[in-house]
Each structure stands twice: as structure tokens, then as C-alpha cells.
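The opening residue of the sequence shown carries number 288 in my numbering; numbering runs sequentially from there.
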Amino acid sequence: MRTPTIAIATNNGDIGGGEVMLLNIAEALRRLGLDVLVLGPSSPSELIEYAHEQGFRTVALRAKDRGGYIAALWRWRLRNRGLPLWCNGLVPSLATTGIGPRIVHLHRLPVGAHAALERLARSRSSVVLVPSGFVADRLHGTTIFENWTEQIRYRGATSDRRGPVRIGILGRLTAEKGAVLLAEAASSLMQRTGRDVRLVLAGENRFGNDSDRSALESSLAPIRDRVEQLGWVDREDFFEAVDLAVFPSVVEESFGLVAAEAMAAGIPFVISESGALPEVAGVDHPWIARRGDSDDLAHVIEQALADIERGDHERSAAARARWARRYSPAAGMERVAGLLSDLGATSRERGSP
């Protein structure tokens with residue numbers, strides 16, 4: 288069996304946004320000819336199991352909790368300090384601080400105690416990657432390394448819809464992601480305009496809590512007969528099911544993968560002015576609502592629906608083109624190749640082998 292060329296360590300054992308990027312990065316590295324080893328905890332094991340199914344070599348480090356994983360990863364690194372390591376998140380970055388050649392990759396802006404840990408975790412790393420200019424502006428000495436999506440089928444603009452207007456949200460149905468705000472905005476829109484609207488919820492309260500669940504149920508109560516809850520569905524199925532996607536996050540997003548996915552599909556979407564979301568959508572994106580303002584969100588949705596009815600083909604094609612340039616698998620592979628080239632040049636300049 289060949290010796291791995293590079294290892295990549297996960298932040299979490301279950302699969303969230305950062306772990307989706309780990310899998311995308313691992314695939315890009317593999318396509319570039321590197322032999323990739325994926326590291327993660329034995330529990331939860333979702334990420335390790337999925338990576339194994341995708342044909343990657345994996346090591347499940349025995350751990351029952353976050354502290355156990357940090358300790359196990361530290362021990363593994365001491366035994367394998369010469370192997371280049373891509374630390375996909377703050378946890379593996381902290382666990383391997385100062386040991387061997389490392390890429391530190393932070394997927395979200397660290398705040399509070401995590402901010403102090405971040406300064407420690409980046410010690411003696413080759414580079415510190417962040418997903419957006421929004422984060423880079425707040426973490427000096429970092430390099431922007433934008434996320435990318437899987438290949439997504441282009442749906443484009445549609446003009447032959449019949450029946451109710453279908454407005455939807457995809458992902459974690461929590462207050463932070465704007466699910467409650469969207470329910471309030473949809474209710475306001477229906478009452479004020481009399482439009483026949485269906486609110487499509489695709490996702491679950493994953494990583495949320497009982498408070499999120501209760502708040503969402505309360506906000507949906509007035510429009511319960513106009514709500515469709517799909518649960519977890521394939522993103523392409525969601526894009527086919529809605530006339531307008533809405534991503535009204537109320538927290539400062541470090542990237543905004545759902546916006547990039549909507550651009551790939553060419554479907555119209557509304558975002559909030561939260562962190563990097565407008566950066567991902569681009570300066571020409573027409574539908575941006577004030578963060579945390581359900582009334583403004585309702586008005587922006589109304590404007591988006593009016594614009595769509597007049598024709599959305601030009602905007603749709605431009606969004607797909609932007610995705611292809613910046614957030615497609617090809618763009619991601621080009622970014623990874625460029626990063627490895629830059630790091631190789633830096634290593635040679637320093638006289639490293």
C-alpha cells in the first residue's frame with residue numbers, strides 16, 4: 288500500500304458544512320494525484336464512514352468526546368509528524384499546534400474563547416485559510432480560500448409555473464438560519480398582498496435546540512395550512528420544488544454555501560445582509576434584506592417575485608456563470624492546485640526538502 292501524500296483531519300465526526308468542504312477538498316486532492324488519508328473520531332463516525340465509502344483511506348481515532356478526539360489526534364500527529372496535514376477546522380488545528388507541516392483551515396470566524404484558541408492554533412502553520420473576505424478582514428495574516436459546491440444541475444429561470452407561489456428555505460431550520468424570520472415574513476406577505484403562497488421547509492432542526500423548535504412551531508401556527516415540510520431532501524429536488532429560495536440568516540455567516548448552490552442551479556434567491564452572504568452572491572445580486580428584519584424580508588420577497596414574473600433569464604445565467612468561475616468543482620480544484628503550488632514554492636525558498 289502506498290504511503291499517504293497528505294492527511295486531512297476533520298473538526299467534527301458528524302457531517303456539517305465544514306465536513307462537506309473536507310470531502311470536497313479531499314476529492315480535489317485525489318484528482319490532483321495525491322494519496323489522501325482522512326482522519327476523524329470513532330464516535331460520531333458519520334464523516335469517517337462516508338469518506339471510506341467514497342474510497343478514501345481513513346483512520347478512526349478512538350474517542351468518545353471532543354477532548355478525547357483532541358488527545359487522540361495529538362498522539363497520532365506525534366507519530367506522523369512528517370506527513371503534511373490539512374487541519375480542517377479549529378479542533379485539529381489546536382490539537383496539532385506547532386507539530387509538523389500544517390495547513391490551518393478555519394471555516395468560521397472564531398469568537399469569544401475560540402478567538403484566543405485560534406491565535407494559539409495557527410502557530411507555525413504554513414498558511415491559515417479562511418472562506419471569505421469577511422473573515423479575512425477580521426483575522427489578519429490569513430488567506431482567502433473560498434468554498435465550492437458539488438456539481439449541481441442548472442434549472443434556470445422558469446415562467447410556466449401554475450398554482451401557488453412556492454417560497455422555500457433549505458438547511459438547518461433554526462432561528463439562527465432565519466427559519467423563524469422567514470415564517471413571520473411569509474405570514475406578513477400573505478396577509479398584506481393576498482398572494483397564494485406556500486412555504487416550503489427543506490431540512491430539520493439539526494444542531495438546534497428545543498427553543499428553536501418551539502419558536503419555529505409558534506411562527507408557523509398562523510399559516511400551518513400553507514406550509515410544506517419536506518425534511519432532508521436532495522438540494523436539486525428542493526431547487527426544482529420552489530419558485531424562490533430564501534436564506535435569511537440572522538448571524539454573521541462566514542461563507543454561505545446555500546447561496547452558491549442556488550447560483551449553480553440558476554434559481555432566484557433572497558439573502559440577508561449577514562456576513563459573507565452578499566460577498567458570495569456578488570455585488571449585482573438584486574435581493575438582499577436587512578438582517579433580522581421580518582418586515583423588510585417580506586418586502587424584498589415581494590420585490591423578487593415581481594421581478595421574476597417580468598423575467599429572470601439574464602440574472603439566472605449570470606449567477607450560473609459566477610458559480611462556474613468561483614464556486615464550481617473545477618474552480619475548487621484550481622484553488623487547491625494553486626495553493627499547493629504556492630506552498631511548494633515557499634518551501635523551496637526556505638530550503639525545505
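We treat Cβ as the ideally placed atom computed from N, Cα and C, and that holds for glycine.
Model, not experiment: these values are computed from the prediction.
Going by other Cβ atoms of all chains shown within 10 Å of its Cβ, with 16 needed for buried, is residue i buried or exposed?
| i | result |
| --- | --- |
| Trp519 | exposed |
| Gly598 | exposed |
| Arg389 | buried |
| Glu314 | buried |
| Thr655 | Outside the displayed span of the chain (288 to 640) sits residue 655, for which this structure offers no information. |
| Ala508 | exposed |
| Val623 | buried |
| Lys464 | buried |
| Leu460 | buried |
| Arg522 | buried |
| Pro573 | exposed |
| Gly450 | exposed |
| Thr633 | For Thr633, the pLDDT reaches just 46, beneath the cut-off of 50, and the residue's location in the model is therefore unreliable, leaving the point undetermined. |
| His392 | buried |
| Glu601 | exposed |
| Glu340 | exposed |
| Arg609 | buried |
| Leu365 | exposed |
| Val417 | buried |
| Asn496 | exposed |
| Ala593 | exposed |
| Glu433 | buried |
| Ser628 | exposed |
| Ser603 | buried |
| Val529 | buried |
| Ser639 | Low local confidence applies: a pLDDT of 44 at Ser639 is under 50, so the model's placement there is unreliable, and no value is given. |
Going by the CB atoms, is the gap between residue j and residue i shorter than 7 Å?
| i | j | result |
| --- | --- | --- |
| Val422 | Ser541 | yes |
| Gly543 | Ala563 | yes |
| Gly305 | Ser332 | no |
| Ile588 | Val557 | yes |
| Ile385 | Asn298 | First, the residue type needs correcting, since residue 385 is Gly and not Ile in the sequence shown. Contact flag unset, no. |
| Leu324 | Arg349 | no |
| Val415 | Thr436 | no |
| Val452 | Val484 | yes |
| Leu531 | Ile439 | no |
| Ala552 | Phe526 | yes |
| Pro291 | Asp322 | yes |
| Gly235 | Gly443 | Absent from the structure is residue 235, since the part of the chain shown begins at 288 and ends at 640. |
| Ala296 | Pro379 | yes |
| Leu630 | Ser413 | yes |
| Ile575 | Pro565 | yes |
| Arg607 | Tyr441 | yes |
| Ala358 | Ser329 | no |
| Arg368 | Gly387 | yes |
| Val570 | Ala547 | no |
| Ser506 | Ala472 | no |
The beta strand (DSSP E) spanning residue i covers which residue range?
| i | result |
| --- | --- |
| Gln516 | Val514 to Gly518 |
| Trp373 | Leu372 to Asn375 |
| Ala297 | The question names Ala, but residue 297 in the sequence shown is Thr. Counting along the chain, the beta strand (DSSP E) containing Thr297 begins and ends at Ile293 to Thr297. |
| Pro328 | Val323 to Pro328 |
| Ile558 | Phe556 to Ser559 |
| Val467 | Taken as a continuous stretch (DSSP letters only), Val467 belongs to no beta strand (DSSP E), being part of the alpha helix (DSSP H) at Ala466 to Thr480. |
| Leu416 | Val414 to Val417 |
| Val570 | Neither: Val570 is in no beta strand (DSSP E) and is coded neither H nor E. |
| Arg612 | Element bounds for Arg612: not the beta strand (DSSP E) but the alpha helix (DSSP H), His600 to Arg613. |
| Leu531 | Leu531 to Phe534 |
| Arg500 | Looking at the DSSP string, Arg500 is not in any beta strand (DSSP E); the run it does join, the alpha helix (DSSP H), is Asp497 to Leu507. |
| Val484 | Val484 to Ala489 |
| Val587 | Premise fails: Val587 lies in the alpha helix (DSSP H), Ser581 to Arg597, not in any beta strand (DSSP E). |
Report, in whole angstroms, the separation of the C-beta atoms of residue i and residue j, which I expect to be a contact under 8 Å.
| i | j | result |
| --- | --- | --- |
| Ala408 | Leu426 | 12 Å between Cβ atoms; not a contact. |
| Trp363 | Leu326 | 7 Å |
| His394 | Met308 | 6 Å |
| Ser475 | Ser561 | Going by Cβ atoms, the distance from Ser475 to Ser561 rounds to 20 Å, so no, they are not a contact pair. |
| Val533 | Ile456 | 6 Å |
| Leu468 | Leu584 | 6 Å |
| Leu404 | Glu539 | That pair is no contact at about 19 Å. |
| Arg318 | Met620 | 6 Å |
| Ile312 | Trp373 | 7 Å |
| Met477 | Ile431 | So it is not a contact: roughly 40 Å between Cβ atoms. |
For the alpha helix (DSSP H) containing residue i, list its first residue and its last residue.
| i | result |
| --- | --- |
| Arg449 | Arg449 -> no alpha helix (DSSP H), and no H or E assigned at all. |
| Pro388 | Where Pro388 is concerned, there is no enclosing alpha helix (DSSP H), given that its DSSP letter is neither H nor E. |
| Arg317 | Gly304 to Arg318 |
| Arg368 | Arg368 -> no alpha helix (DSSP H), and no H or E assigned at all. |
| Leu334 | Glu333 to Glu340 |
Quick check: is the beta carbon of residue i nearer than 7 Å to any beta carbon in chain E?
| i | result |
| --- | --- |
| Arg409 | Although the question refers to chain E, the structure presented lacks it and comprises just one protein chain. |
Practice task
Please confirm if the segment 500–507 is in contact with the segment 604–616, defined as three or more CB-CB distances below 8 Å between the two stretches.
Solution key: no
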